[in-house]
DNA sequence: ACAATCTTCATACAATCTTCATAATTCTTT
DNA sequence: AAAGAATTATGAAGATTGTATGAAGATTGT
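Chains as they are written, first to last, in this note's numbering: chain D, 668 to 887; chain F, 668 to 887.
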């Protein structure tokens with residue numbers, strides 16, 4: 668299991684690192700936003716422990732960045748802010764757990780183990796965009812309580828778009844999504860056709876926006 | 668017995684999960700309102716353990732939602748609020764029991780067993796889907812009082828599908844059900860054939876739905 | 001050995017994916 | 001502002017994949 672600690676307080680980072688190493692995890696430490704991105708670029712992490720305060724950008728911004736990059740590691744946020752609003756913000760932003768400083772090492776360890784045990788279980792299972800509900804578990808789509816039949820390819824495209832509502836996906840990215848091997852280079856207009864059909868099933872609500880000469884994105 | 672734990676504190680959820688798993692229950696965990704709805708959408712629960720505080724909406728709102736959806740699972744509410752008014756509110760809202768944090772695991776377990784005993788008695792032994800009755804004890808199937816002869820394999824498949832009316836079973840799952848060892852890897856079309864025969868005996872009422880490229884499920 | 005059940009196989013059918021020709025839109029140049 | 005170029009949208013036809021079905025052969029239990 669690979670764990671990345673993102674924490675600018677070196678002393679604290681060191682303590683956590685030792686603690687987790689003793690448990691037999693592979694641990695890396697990053698001390699800034701930019702540093703963290705570099706680590707993520709080189710390794711796949713199962714868990715990222717993320718401090719709210721970083722020298723260059725906030726831990727919350729890193730969280731958003733992670734999610735828009737489709738990094739699906741578990742994220743445990745650390746913060747000195749005890750308010751409920753921070754907890755809520757973190758969890759809504761895609762964090763999987765939240766822990767206030769100061770905390771005991773026993774509790775940290777318990778939460779780390781808990782998160783790792785739950786890796787790739789059911790999370791973020793429903794996405795809502797306007798009146799459209801996407802159920803990831805069952806791969807179903809409902810509009811105002813009515814179940815709409817999406818083909819596998821259509822569903823995959825809609826789900827990935829909807830999971831990252833701010834990101835514009837290139838047609839090439841979308842293509843390599845439904846063709847799990849590397850997509851052929853000859854660019855047909857499959858994606859356009861699928862998008863057309865998805866839009867039709869979504870009753871032409873303006874949910875998928877065309878970004879000319881790039882691809883598509885969800886509007887919210 | 669299927670139990671759903673709705674609790675945003677992962678650590679606590681984990682503890683309860685382990686406790687109940689040890690007792691032999693099937694346990695799912697949801698960490699938010701929306702997450703819980705997703706779980707409910709794909710499984711029938713006998714008991715839902717519901718924390719008052721959730722990141723997106725309150726557990727009380729979920730309780731109301733459950734009742735308006737006519738979900739008839741038992742509901743045990745957990746809360747840090749010790750006041751009588753909360754207890755009353757929960758019970759009036761349709762909860763079947765209420766437990767204050769902190770509580771001992773022994774007490775939790777006792778209440779869970781007590782709640783399940785209520786439903787346990789004569790439930791799940793007869794399943795009705797439209798005009799089809801499945802008698803688990805005798806492994807008989809009747810349609811409008813007429814006994815229909817099902818072969819063992821056919822009966823097993825129908826029973827497991829009917830016992831989880833919301834779940835879509837993959838053909839592989841179904842296969843490993845009638846071949847109690849590990850199913851052979853070569854996927855024949857045995858399941859398709861059995862499903863065809865079951866459908867015929869059910870007089871082609873639209874009870875078993877095909878979920879393309881996945882498997883089958885019961886429609887109600 | 002017999003009957004019931006299970007499994008395989010060949011084929012028919014249906015849903016989905018992909019391509020293609022052409023229309024509509026947007027951007028660029030004049 | 002109009003013409004031309006590039007990009008996207010669309011309907012329909014063909015190709016592909018997944019499912020349904022009937023019948024024959026294999027297996028099981030009595």
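We put the CB at the ideal spot given by N, CA and C, even for glycine.
Where residue 677 of chain F meets chain D, residues with beta-carbon distance less than 8 angstroms: Correct list: 763, 764, 778, 781, 782, 785.
Collapsed DSSP secondary structure at residue 766 of chain F in the structure displayed: strand
Residue 776 of chain F vs residue 766 of chain F beta-carbon contact at 8 angstroms: Their beta carbons are not under 8 angstroms apart, which means residue 776 of chain F does not touch residue 766 of chain F by this criterion.
Below-8 angstroms beta-carbon distance, residue 775 of chain F vs any chain D residue: no
Proximity test, Cβ basis, 8 angstroms: residue 885 of chain F and chain D: no
Cβ shell of residue 858 of chain D (< 7 angstroms), same chain only, five flanking positions each side left out: 838, 841, 842
6 angstroms Cβ shell around residue 683 of chain F - same chain, five flanking residues per side excluded: Around residue 683 of chain F: 672.
Under 8 angstroms by beta carbon: chain D residues contacting residue 835 of chain F: 805
Residue nearest to residue 823 of chain D in terms of C-alpha spacing, selected from D/719, D/845, D/731: Comparing Cα positions, the closest option is D/845.
Beta-carbon spacing of residue 714 of chain D, residue 743 of chain D below 8 angstroms: yes
Rounded C-alpha distance that separates residue 701 of chain F from residue 870 of chain D: 24 angstroms
Contacting residues, own chain, Cβ-Cβ under 7 angstroms from residue 834 of chain D (five flanking each side not counted): 735, 884
For residue 866 of chain F, the nearest candidate out of F/737, F/808, F/880 (CA to CA): F/808
Close Cβ partners of residue 769 of chain F (< 8 angstroms) along its chain, the five nearest in sequence each way excluded: Same-chain partners within the cutoff: there are none.
Buried versus exposed, by CB contacts within 10 Å (16 or more), residue 745 of chain D: buried
C-beta contact flag for residue 763 of chain F and residue 795 of chain F at 8 angstroms: Against a cut-off of 8 angstroms, the Cβ pair of residue 795 of chain F and residue 763 of chain F comes out as no contact.
Residue from F/773, F/703, F/798, F/695 with nearest C-alpha to residue 728 of chain F: Ranking F/773, F/703, F/798, F/695 by Cα distance to residue 728 of chain F puts F/703 first.
Sub-8 angstroms separation of residue 832 of chain D and residue 887 of chain D beta-carbons: yes
Cβ distance (whole Å) where residue 697 of chain F is taken to contact residue 688 of chain F below 8 angstroms: Between residue 688 of chain F and residue 697 of chain F the Cβ distance is about 16 angstroms, and since that is not below 8 angstroms, they are no contact.
Separation of residue 720 of chain F from residue 675 of chain F, as counted between CA atoms: 8 angstroms
Any chain D beta carbon closer than 8 angstroms to residue 709 of chain F: yes
Exposure of residue 752 of chain F, with buried meaning 16 or more beta-carbon neighbours within 10 Å: By the C-beta density criterion, residue 752 of chain F is exposed, having fewer than 16 other C-beta atoms within 10 angstroms.
Chain F residues whose Cβ lies nearer than 9 angstroms to that of residue 755 of chain D: 722, 723
Cβ separation of residue 803 of chain D and residue 826 of chain D, assumed to be a contact under 8 angstroms, to the nearest whole Å: 7 angstroms
C-alpha gap between residue 819 of chain D and residue 882 of chain F, whole angstroms: 13 angstroms
Spatial neighbours of residue 722 of chain D in its chain, beta-carbon cut-off 7 angstroms, leaving aside the 5 residues before and after: 675, 699
Residues within the region 738-755 of chain F neighbouring chain D, beta-carbon criterion of under 8 angstroms: Closer than 8 angstroms at the C-beta level to chain D, one finds no residue of the region 738-755 of chain F.
Contact list for residue 880 of chain F against chain D, beta-carbon separation under 7 angstroms: 819
Helix, strand or coil at residue 911 of chain D according to DSSP, with G and I counted as helix: This structure cannot speak to residue 911 of chain D, because chain D is shown only from 668 to 887.
Alpha-carbon to alpha-carbon, residue 709 of chain F and residue 816 of chain F: 30 angstroms
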